[in-house]
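First comes the structure, then the notes that go with it.
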């Protein structure tokens, strides 16, 4: 069932706002345009300092989580209900202050195409923190990617 939902998401599933997705989460032209890995920084501040972010265009919002390996499938099922795709992380994005995970923890990324605004980024951050806490994990932060556009 999980694979069916993932395929549907890639085939142009509609976002929560009812707008068609216009970018693919696997597009190789995607570049990180905003990062928010400091839990004390407001989403509005992160977006305000993002010089390459284009607010009028959809983005791939990615939340980075550390979860017990035994909880990944349950968390994935919950996230799929709201259109999130969950993938293993290769930790190339991890911050230096992030401790190494033990053998029974997994670093995962929940990603979804949507338009970014401070309210929704903050709401989703709170949701991801709650989800991680529920499964005895933690939310590392979020970033967003958009296709690189010529200047």
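In UniProt numbering, the protein residues as written are 1 to 151. C-beta: ideal position from N, C-alpha, C; glycine also. Bear in mind that the values here come from a model prediction, so they are computed numbers and not experimental data.
On a CA-only basis, which of the options is nearest residue i? Give me that one, please.
i: residue 143; options: 125, 134, 131, 135; result: 125
i: residue 138; options: 148, 110, 53; result: 110
i: residue 81; options: 49, 112, 107; result: 112
i: residue 158; options: 35, 25, 106, 33; result: Nothing about residue 158 can be reported from this structure: the residues present for the chain run from 1 to 151 only.
i: residue 69; options: 148, 149, 136; result: 136
i: residue 141; options: 25, 22, 34, 23; result: 34
i: residue 116; options: 23, 38, 148, 54; result: 54
i: residue 132; options: 59, 108, 60; result: 108
i: residue 148; options: 57, 120, 84, 130; result: 57
i: residue 134; options: 84, 66, 85, 120; result: 66
i: residue 83; options: 61, 39, 42; result: 61
Cβ-heavy atom distance between residue i and the ligand SAM below 7 Å?
i: residue 129; result: Of ligands this structure carries none, so the ligand SAM is not represented either.
Could you give the first and the last residue of the continuous beta strand (DSSP E) run that contains residue i?
i: residue 139; result: 138–147
Based on DSSP bridge pairs, tell me the residues matched to residue i.
i: residue 110; result: 63, 86
i: residue 105; result: 68
Go to residue i, then tell me how far its alpha helix (DSSP H) extends in each direction, as first and last residue.
i: residue 35; result: Counting along the chain, residue 35 falls outside any alpha helix (DSSP H), though it belongs to the beta strand (DSSP E) covering 30–36.
i: residue 131; result: 118–134
i: residue 56; result: Unbroken run through residue 56: none, as it is neither H nor E.
i: residue 24; result: Taken as a continuous stretch (DSSP letters only), residue 24 belongs to no alpha helix (DSSP H), as it is neither H nor E.
i: residue 46; result: 43–48
Pairs of beta-carbons, one from the stretch 22–29 and one from the stretch 44–55, closer than 8 Å: are there three or more? no
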